[in-house]
Structures are given as structure tokens and as C-alpha cells.
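Respectively, the protein sequence lines represent chains Y and A.
Start counting the first sequence at 1; every next residue gets the next number (full-length UniProt numbering).
Start counting the second sequence at 1; every next residue gets the next number (full-length UniProt numbering).
Even glycine gets a Cβ: it sits at the ideal position worked out from N, Cα and C.
The structure displayed is predicted, hence computed values, not measured ones.
There are 2 protein chains.
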Amino acid sequence: MGKPDAGTPRERYRAQVREEIKKYAWEQIATAGASALSLNAIAKQIGMSGPALYRYFANRDELITELIKDAYRSLADILQDRAEAGAGLDGLAHALREWALADPQRYFLVYGTPVPGYHAPADTTRITAEIMAVILDACTAGQPPVAPPSPLETHLDDHRVWARQHPAPPSALRRALAFWTRLHGVLSLELAGHFDGMGFDPARLYADEIEGVTGH
Amino acid sequence: MGKPDAGTPRERYRAQVREEIKKYAWEQIATAGASALSLNAIAKQIGMSGPALYRYFANRDELITELIKDAYRSLADILQDRAEAGAGLDGLAHALREWALADPQRYFLVYGTPVPGYHAPADTTRITAEIMAVILDACTAGQPPVAPPSPLETHLDDHRVWARQHPAPPSALRRALAFWTRLHGVLSLELAGHFDGMGFDPARLYADEIEGVTGH
DNA sequence: AGCCGTGAGTTAGAACTTCTAACGAACACG
DNA sequence: CGTGTTCGTTAGAAGTTCTAACTCACGGCT
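Quick look at the structure:
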């Protein structure tokens, strides 16, 4: 007994078509990138003519925003699942890489080049907070703070609005940021193809950066 | 006396118009991103009608490729200049950040989301080799290799096609990669606005990452 | 059971885009 | 002073997003 897919028949049909639209949208994005996404092409694939899609999404941007939200959501879910399964910082890091490699364009939808005017909706900022909380948990669990905080760590401790009540010590704040920025650095360059033809194995560089963050 | 702008009058005029096209193209990219670049709009700004631009660029992609090449070139020039002026690894890092902040969309043109099909022309890979050489120089000059190489460092030493005859020791190879990936990690997240509303100062995080790479 | 309003899908069309084709005119060169 | 290359033009094809107006069928209510 799956979830009863609550709602009126109309609502259920509507949700179903929305999902089908998004399915073809993902296919297009995976093969040609988000900028090449064409509503007309999607409509043709589904079998209805052009403007019909505007019953389901106000415009192209709203569809893309929805896809970005779904991408964020799937990343947050995976990280939360792994964390609940007892994964440490390195487990989360590997989960992140698997998620990214599974669909590079999905990664770029979240962490890639932003459109200058675009402002993320409130939902996504809430999801990033969820992700940050998982990382902060893992960073706090890592090791007790022993050394006196560095200047940057005290700065982070002074401006911890982004940690949202999380009781992580200054060193954990720093490590969470390192986790995010360093892994993103390796990952985004790899996915963008900047390591192509360089000879070395990106996975080993990634693993080494993980060690650097977790403290060997 | 500046360079005489060699060539026939036709060639000089042609080069001049090409530059004007690129100028307006950069303006559009800076304000709306590369995906919003419109050849028609550029033509209108210059004062000629649409298809005239196709005398100067075969198509939209060729114009963008040209802009990417210019962006790469300007970054390489800046880093080489700073290196010749005696800048160390930290000097190069700050130059990189200044270059990125001066025009975020230019940075994304080089290091941002790639179009799945796109393959960089041979020119740009030569320019990346130039950039890598400058960084490797600075990494080698840093400090003598004392400790035995880590597993990753020996791996990099075994696959040093990307270093192109550069006599950098394994530790310098590792540091060059850290320079690239870690600084790109912080920088790209900052430019993409992912730090917005988080409270802390990205410049301090960047400076701290520099210290991590240079070895305090 | 039957009405009937809401919402889905249609076509037409406006305003864009890139890019090709054919034409005229201006310019540099022999 | 011709002459040919090249530049810029207009026309138009094929694509895009998105609006407007119309039909029609489905689902809820009496």
C-alpha cells in the first residue's frame, strides 16, 4: 500500500503530468545542459502541443527553479540518510561525489554558474540549512576542540548566523566550511572537465582532500 | 608610439569592429550572463542590422569561444606579470581573487558550468599550461621537499603529463593542485552567491585557505 | 441521473532569437 | 580608371517563449 496519492482526481492527474514534464526536462538537461532546455521539445515528447505546458508551469524559469529545488532536495536527503546510517564526514564526502557523478548537470544546477538576476527561493535556503546542519553534526562529532581557536575560527564564531543555533564549536565551523569549499573545488573542476587529459586520478585527489578535512 | 596596428586598412577596420563587438558582448555577459548574449542586440547597439555580425563571427558559439579565450589570456597575463614582479604563491592567489571579483561572469566563462558538448580549442589548453607553469614555479620556490612523498604525491609524480617537463618535485605538484582546487572552491561559491547572508567574510576564508596552501 | 462550471488542450499569433541567401554599394588594388 | 573583394543591407526560414481566445471533456453538486 503506497501512499494514496491524496487529492481530487484532477489534482492527481495534474501532479502526474508535472512529473512527466520534469522527467523529460531532466533528460534534456543531462544531455545538453539547462540552457538548452526547450519547453516546446518537452511538449512534443509528451505528445501535446506547445502552450499546454503553461498550465503546469508559469514559465521556463519556474520549471527550472522547480528542478533546482528537486536537485537540492535529493542531495539533502542522501546526506541525511547517510548520516542517520552512521556515516562520518568521509562517508558524507563520498556520498556527495557519487551524487555529483551520477548526473553532473544536476550538480551544476545547484552549484554551477548562476544567472546574475536570479535569487534563490526561500525553500532552497532552508534546504541548504538542512545540509549545513548534517555537515556540522559530523564535524562536531569528529574530534574535541583542543587547540585555541585561530583568528578565522573566532571570526566564524562571531558571525554564526549561518550555523542557526547549532552548538558546533569554532573548530567544527571551520571544518564544515573546509568540507564544503574544498570538496566543491575538486568536484566542480573534475565535472567541468578541467582535469581531462591531465593524467592523474581525480578520485585520489578527492580522497586526499577528504583526509585533509577529517584530519587524517 | 604604440604598435602600428599592422595590416591592410581593411584588416585594421575588421579588427576594430571585432573588438567593438566583443566590447558590447562583455557588457551583456556582465549584466545577464553568457546564456543571455544576443547577437541581434549587439548589432543594434553598434548600429548595424543583425546578420552583419556574421561577417565577423561565424556564429554565436565562435564569439563566445573567442571571449573565453580572451578571458583565459587575461588571467594568464596577470598571473605571469605578478610572478615576474616577484610575487609568491600568496601574491598569485590574491591576484586571482581580484581578477575574479572584477568580473564574476568572466570567471564563470572560464571555470563555470560547461556545455555538455563543448570541447575547448587547443589554444585554451595551451594557456592553462602557461598558468600551471606559473603556479608550479611558485610552488617549487616555496620550500624544499623534506618529508617522504605521500601516496597521492607519488601518484601525481607517476602521471605528470600535465606538468609538461616542469621540474617540480612531488610535493610541489600536490601544492599546485591544492592551490587551484581550494581557491577555486572558495571563490566560485562566493561568486555564485552561496555565502550570501551567511554573515562571515569570504575574504578571510580565502586568506585562510591561502595560508593552508602556502604552509602558514 | 443530469446539469454545468472549472480546468485541460487546442490553434493563432506576437515578439523574439540564430542564421542563410541574395542583392547593392563602397572600398582598395592593379 | 576599371575591377574584384568585402561589407552591409533586406528578406525569409526555422526555431524559441509566451499570450489570447476558443472547445471540449471531466468531475462535483443538486
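Cβ-Cβ separation, residue j to residue i (assumed contact under 8 Å), whole Å
i	j	result
Y:PRO170	Y:THR154	6 Å
A:ILE78	A:ALA95	5 Å
A:GLN105	A:GLY33	6 Å
A:VAL161	Y:GLY47	With a Cβ gap of about 50 Å, A:VAL161 and Y:GLY47 do not count as contacting.
A:ALA93	A:LEU183	6 Å
Y:THR113	A:THR113	4 Å
Where residue i meets chain A, residues with beta-carbon distance less than 8 Å
i	result
Y:THR140	Chain A residues near Y:THR140: none, gap ~18 Å exceeds 8 Å.
Y:GLY112	GLY112, THR113 and ALA192
residue 263 of chain Y	For residue 263 of chain Y there is no data in the structure shown, the boundaries of chain Y being 1 and 216.
Where residue i meets chain Y, residues with beta-carbon distance less than 9 Å
i	result
A:ALA32	VAL115, PRO116 and GLY117
A:GLN105	THR113 and PRO116
A:LEU89	Per Cβ cutoff of 9 Å: no residues; A:LEU89 is ~16 Å from chain Y at best.
Close Cβ partners of residue i (< 8 Å) along its chain, the five nearest in sequence each way excluded
i	result
A:LEU136	ALA163, HIS166, ALA168, ALA172, LEU173 and ALA176
Y:VAL186	PRO202, LEU205, TYR206 and GLU209
A:TYR56	ARG14, VAL17, ARG18 and ILE21
Y:LEU101	LEU191
A:GLN80	GLU130 and VAL134
A:LEU156	PRO170, LEU173, ARG174 and LEU177
Y:ASP70	LYS22
Y:GLY86	none
Where residue i meets chain Y, residues with beta-carbon distance less than 8 Å
i	result
A:THR181	ARG182, GLY185, VAL186, LEU189, LEU205 and GLU209
A:HIS94	Under the 8 Å cutoff, chain Y gives no residues; its nearest Cβ is about 16 Å from A:HIS94.
A:SER35	SER35 and VAL115
A:LEU136	Simply none; closest approach about 13 Å.
A:LEU79	By Cβ distance, chain Y contributes nothing, its closest Cβ being about 16 Å from A:LEU79, past 8 Å.
For residue j and residue i, the rounded distance between their alpha carbons
i	j	result
Y:ILE42	A:PRO121	32 Å
Y:TYR111	Y:VAL213	20 Å
A:PRO116	A:ARG18	27 Å
Y:LEU37	Y:LYS22	11 Å
Y:ALA58	Y:PHE195	39 Å
A:HIS159	A:SER150	14 Å
A:PRO4	A:VAL134	For A:PRO4, the predicted structure reports a pLDDT of 49, less than 50, and the residue's modelled location is therefore unreliable. A value from the coordinates is still provided. Taking the straight line joining both Cα atoms gives about 31 Å.
A:SER49	A:GLU84	45 Å
Y:SER35	A:TYR107	18 Å
Y:GLU66	Y:ASP103	17 Å
Y:GLU11	Y:GLN28	26 Å
Y:PRO144	Y:PHE179	17 Å
Y:GLU62	Y:VAL146	48 Å
Y:ASP123	A:GLY197	15 Å
A:ARG60	Y:MET132	40 Å
Y:ILE64	Y:TYR118	11 Å
A:THR140	Y:ALA141	37 Å
Y:PRO51	Y:LEU109	25 Å
A:PRO148	A:HIS216	20 Å
A:TRP26	Y:THR125	30 Å
Contacts that residue i makes with chain A (C-beta to C-beta distance below 7 Å)
i	result
Y:HIS159	GLY199 and PHE200
Y:LEU177	LEU205
Y:LEU156	PHE200
Y:LEU67	Here the premise fails: no neighbours, minimum Cβ distance about 14 Å.
Contact set for residue i: own chain, Cβ-Cβ below 7 Å, skip 5 residues either direction
i	result
A:ILE127	TYR72, ARG73 and ALA76
Y:LEU189	PHE195
Y:ARG97	LEU187 and TYR206
Y:ALA138	ALA83, GLY88, LEU89 and LEU92
A:GLY2	Note that A:GLY2 scores a pLDDT of 38, beneath 50, so its modelled location is shaky; the value from the coordinates is reported in the next line. No residues qualify anywhere along the chain.
A:TRP99	LEU75 and ILE78
A:ALA30	ASP103 and GLN105
Residues near residue i in its chain [Cβ-Cβ closer than 6 Å; skip 5 each side]
i	result
A:GLN45	TYR24
Y:THR8	none
A:ASP90	ILE210 and THR214
A:LEU53	LEU39 and ALA43
Residues that residue i contacts on chain A, provided the C-beta gap is smaller than 9 Å
i	result
Y:TRP162	PHE195, GLY197, MET198, GLY199 and PHE200
Y:PHE108	GLY112, THR113 and PRO114
Y:LEU63	Going along chain A, no residue has its Cβ under 9 Å from Y:LEU63, so there is no contact; the nearest lies around 15 Å.
Y:LEU101	None at all; the shortest Cβ gap to chain A is about 14 Å.
Y:LEU39	The premise fails here: Y:LEU39 is roughly 16 Å from chain A at the closest Cβ pair, so nothing lies under 9 Å.
Y:LEU75	Within chain A, no residue comes near Y:LEU75; the closest Cβ sits about 13 Å away, beyond 9 Å.
Residue i beta carbon near the ligand GTP (any heavy atom closer than 7 Å)
i	result
A:ASP123	Looking at this structure, you won't find the ligand GTP or any other ligand, since it has none at all.
TODO: Could I get the ranges of all uninterrupted alpha helix (DSSP H) runs contained in the UniProt domain "HTH tetR-type" (15-75) of chain A, with 4 residues as the minimum, in chain order?
DONE: Scanning the UniProt domain "HTH tetR-type" (15-75) of chain A for uninterrupted alpha helix (DSSP H) segments of 4 residues or longer gives 39-46, listed from N- to C-terminal end.
- [ ] Within the region 111-171 of chain Y, note down every full beta strand (DSSP E) run reaching 3 residues or more, in order along the chain.
- [x] With a minimum length of 3 residues, there is no unbroken run of beta strand (DSSP E) contained wholly in the region 111-171 of chain Y.
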